[in-house]
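All remarks here apply to the structure that follows.
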């Protein structure tokens, strides 16, 4: 029997030895928590397949359905697929991240979140891990869509630099929705609410943007609404960066707004963790 | 005991949840180091809320909590390093393996490398999970998951271990195994354990001291034996071969009542029931008196008071009743998380559990010889 090693009062010596300062600890804790989430995703291949197949369907469906809209005067793009790829990248970033709250709910119900909150792990590491994992997933998903588009004959005149900016934009947008969904999950603690809000938001947010239709061809009220739609910010920044002649100020302002919103959303979801703990 | 500061000292904890639900109403608990302390009470009594506060998960509205020498309200980080917690719900990651769960838990406490690996192997071995260590937790049985939960609480070698209803939802076999494991942790390893349960027999069997919790307060505290002893009286039942006529019945009652410590004698048909300070000691005298009166005895039973009786006395209601009633009235609100269907079942089990402890303490004269 190995009970001799379980002395009461013997503090975890290695715990204090391996504490190279708070920042280092935060980084390593974030790494371990991120790793846990990534492993969980990889072990649920159904989820991976769905998140990758859905954009393919959108690419194919919308690509076929709206093939001829480029012929409309004033659309301003040579091939609809060229136009569509950033639209699907951005829409997929929104739709996959807005389910983050479901994962949080599951962790709450299973008792996993409480288990972590009782350990010395920092709250920031818990939240950052979700942000990092969601960001990596969104980036991978975006890259796959870009490659599929390329395989289908899409052109990316802005080159790799423009594509990288599109991916960054979609990651930031995904962070916004992921963090809001996480906060919502901790606050309402109900699957139905998350499902309801997501189905309510996804299509209006997508269609009140230039995802599938050129801005100049939208009704004027829609154009004005779209100006305040973060989904559209990601599209405007991404499309401009991908074009042969990128508009730096457009990319910077929209990208900056997205970054600010993403930071605010992550801050909010970290705050929500505090209010969750008050209700425990 | 007096030379060591208590491992847990909670004073006057009050906690109100949104909606004016008072989960704790002046809760005070003191646990001596190296002992097993049981918080016993029905659902919604405030046991889990107490554990959540002591384990730094929740904050009280008022009161103080000292755990492993640290102030849980002012220095939650210090308390966290010194305690291990096995919560009601597993909390283990189902898509990760048992080993991965343990490794991550160790990492969160700052443990690294070979020392952590050794510790994880040791725990897997100790909790009979070595073979299952590389399997996903989702494939584990209820008993295996619960053992993993306890192992997770022990990775960093805590001084104080909190077990919140450790056997709820386990089948009888797994429950017995868990009891043995808890007893071992307390005995061989000298851990301080604070255990909550709504199984009367579980508290009776594992805890050196018990606090009976009702409506957010401790209503009685002591060793299980002392609590039961305070009831002053085992129930003594005598069954006669023939029912006496009313005159004889009065004589029999008088004859039985002559002994010190025997009271509340009732004669009802063939049955005579009485309360006795020391049931087993009273039996020979009672039998001798009845023999002198010429009454032939068919059977004698002595029932020690159960914790159910204790609960009835201090909380003013039957345990199973309180357990059921708490669900509708307070339980749902005091614990904002959805509860499992296990509650109705466990209330019934609590009732049968106490019945079982009664019958096990009963003896017929034939058995005694």
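Protein chains in written order, with the working numbering: chain A, 57 to 336; chain B, 4 to 372. Built from N, CA and C at the ideal position, the CB exists for glycine as well. A quick note: this is a predicted structure, and the numbers were derived from the prediction, not measured.
Quiz item: When DSSP labels each residue in this structure, what does residue 2 of chain B get in the three-state scheme?
Solution: In the structure displayed, chain B extends from 4 to 372; residue 2 of chain B sits before or after that span and is not available.
Self-check item: chain A within 8 Å of residue 66 of chain B, Cβ atoms only
Solution: Position 63 of the second chain, counting from 1, holds the residue named residue 66 of chain B. So, not an interface residue.
Quiz item: Enumerated in chain order, which unbroken segments of the alpha helix (DSSP H) with a length of 4 residues or greater are wholly contained in the stretch 76 to 127 of chain A?
Solution: If we require 4 residues or more, the alpha helix (DSSP H) runs fully inside the stretch 76 to 127 of chain A come out as 78 to 98, 101 to 121.
Quiz item: Can you tell me the Cα-Cα spacing of residue 246 of chain A and residue 165 of chain A, whole angstroms?
Solution: Position 190 of the first chain, counting from 1, holds the residue named residue 246 of chain A. Position 109 of the first chain, counting from 1, holds the residue named residue 165 of chain A. Approximately 10 Å between the Cα atoms of the pair.
Self-check item: Residue of B:251, B:242, B:310 minimising C-alpha distance to residue 300 of chain B
Solution: Within the second chain, numbered from 1, the residue matching residue 300 of chain B stands at position 297. The shortest Cα separation from residue 300 of chain B among B:251, B:242, B:310 belongs to B:242.
Quiz item: Could you give the distance in angstroms between the alpha-carbon of residue 173 of chain A and the alpha-carbon of residue 229 of chain B?
Solution: Taking the first residue of the first chain as 1, we reach residue 173 of chain A at position 117. Taking the first residue of the second chain as 1, we reach residue 229 of chain B at position 226. Their backbone Cα atoms lie some 38 Å apart in a straight line.
Quiz prompt | Distance CB(residue 254 of chain B)-CB(residue 224 of chain B) smaller than 8 Å | solution = If you number the second chain from 1, residue 254 of chain B lands on position 251. If you number the second chain from 1, residue 224 of chain B lands on position 221. In this structure, residue 224 of chain B does not lie closer than 8 Å to residue 254 of chain B by Cβ.
Quiz prompt | Beta-carbon separation (whole angstroms), residue 87 of chain B vs residue 161 of chain B, contact threshold 8 Å | solution = On the second chain, position 84 is the one that residue 87 of chain B refers to. On the second chain, position 158 is the one that residue 161 of chain B refers to. 4 Å between Cβ atoms; contact.
Quiz prompt | Per-residue contacts from residue 100 of chain A into chain E (C-beta, under 7 Å) | solution = The chain labelled as chain E is not found among the protein chains of the depicted structure, namely A and B.
Exercise. List the DSSP bridge partners of residue 100 of chain B.
Key: The sequence position of residue 100 of chain B within the second chain is 97, counting from 1. Answer is B:139.
Quiz item: Excluding sequence positions up to five away, which residues of its chain have a Cβ less than 7 Å from the Cβ of residue 298 of chain B?
Solution: In the second chain, residue 298 of chain B corresponds to position 295, counting from 1. Residues 243, 247, 255 of the same chain have their beta carbon placed closer than 7 Å to that of residue 298 of chain B, with the five preceding and five following residues left out of the count.
Quiz item: If you drop the 5 nearest sequence neighbours on each side, which residues of the same chain put their C-beta closer than 6 Å to that of residue 262 of chain A?
Solution: Numbered from its first residue, the first chain carries residue 262 of chain A at position 206. If we look at residue 262 of chain A and ignore the five residues flanking it on each side, its Cβ neighbours are 147.
Self-check item: Three-state secondary structure assigned by DSSP to residue 343 of chain B
Solution: The residue you call residue 343 of chain B lines up with position 340 of the second chain. Because the pLDDT of residue 343 of chain B is 37, which lies under 50, any placement of that residue in the model is unreliable, and the question is left without a value.
Quiz item: By Cβ distance, which residues of its chain are closer than 7 Å to residue 82 of chain B, with the 5 residues on each side in sequence left out?
Solution: Locating residue 82 of chain B in the second chain gives position 79, where the first residue counts as 1. Closer than 7 Å at the Cβ level, and outside the excluded window around residue 82 of chain B, lie 59, 70, 71, 73, 75.
Quiz item: Are residue 209 of chain B and residue 309 of chain B touching if we call contact CB-CB under 8 Å?
Solution: Locating residue 209 of chain B in the second chain gives position 206, counting from the first residue. Locating residue 309 of chain B in the second chain gives position 306, counting from the first residue. Taking 8 Å as the Cβ cut-off, residue 209 of chain B and residue 309 of chain B do not qualify as a contacting pair.
Quiz item: In chain order, what residues of the same chain lie with their CB nearer than 8 Å to the CB of residue 303 of chain A, ignoring the 5 residues before and after it?
Solution: If you number the first chain from 1, residue 303 of chain A lands on position 247. Cβ within range, chain order: 296.
Exercise. Output yes or no for whether 8 Å exceeds the beta carbon distance between residue 144 of chain A and residue 111 of chain A.
Key: Locating residue 144 of chain A in the first chain gives position 88, where the first residue counts as 1. Locating residue 111 of chain A in the first chain gives position 55, where the first residue counts as 1. With a cutoff of 8 Å on beta-carbon distance, residue 144 of chain A and residue 111 of chain A are scored as near each other.
Quiz item: Quick check: the stretch 155 to 169 of chain A against the stretch 231 to 251 of chain A, are there 3 or more CB pairs under 8 Å?
Solution: yes
Practice problem: Drop a sphere of 10 angstroms on the beta-carbon of residue 189 of chain A, count the other beta-carbons inside from all chains shown, and report buried for 16 or more, exposed for fewer. | Solution: Counting from one through the first chain, the residue named residue 189 of chain A turns up at place 133. It counts as buried.
Quiz item: Can you find at least 3 beta carbon pairs, one from the stretch 311 to 320 of chain B and one from the stretch 270 to 284 of chain B, that sit closer than 8 Å?
Solution: no
Self-check item: Own chain, CB closer than 6 Å to residue 153 of chain B, minus 5 neighbours either side, in chain order
Solution: In the second chain, the residue the question calls residue 153 of chain B occupies position 150. Apart from sequence neighbours up to five positions away, the residues of its chain that approach residue 153 of chain B with a beta-carbon distance below 6 Å are 89, ordered along the chain.
Self-check item: C-alpha distance - residue 250 of chain B paired with residue 257 of chain B, whole-angstrom precision
Solution: As a working note, residue 250 of chain B is residue 247 in the second chain. As a working note, residue 257 of chain B is residue 254 in the second chain. About 11 Å.
Quiz item: Candidates B:141, B:217, B:291: which alpha carbon is nearest residue 317 of chain B's?
Solution: The residue labelled residue 317 of chain B in the question sits at position 314 within the second chain. For residue 317 of chain B, the nearest C-alpha among the options comes from B:217.
Quiz item: Under 8 Å Cβ-Cβ, which residues of chain B neighbour residue 96 of chain A?
Solution: As a first step, residue 96 of chain A is located in the first chain; it is residue number 40 there, counting from the start. Contact note: residue 96 of chain A reaches chain B through 96, 98, 99, using a C-beta cutoff of 8 Å and chain order.
Quiz item: Name the DSSP bridge partner or partners of residue 30 of chain B?
Solution: Along the second chain, read from residue 1 onward, the residue named residue 30 of chain B stands at position 27. The partner list for residue 30 of chain B (beta bridge, DSSP) reads B:16.
Quiz item: Do you know offhand how far residue 258 of chain A's Cα is from residue 155 of chain B's?
Solution: Stepping through the first chain from its first residue, residue 258 of chain A is reached at position 202. Stepping through the second chain from its first residue, residue 155 of chain B is reached at position 152. Answer to the nearest angstrom: the Cα atoms are 40 Å apart.
Quiz prompt | the stretch 134 to 148 of chain B contacting the stretch 60 to 67 of chain B, beta-carbon criterion three pairs below 8 Å | solution = No contact exists between the stretch 134 to 148 of chain B and the stretch 60 to 67 of chain B.
Quiz item: Can you tell me whether residue 100 of chain A is buried or exposed, with buried defined as 16 or more other CB within 10 angstroms of its CB?
Solution: Within the first chain, numbered from 1, the residue matching residue 100 of chain A stands at position 44. Classification of residue 100 of chain A: exposed, given that the 10 Å Cβ count is below 16.
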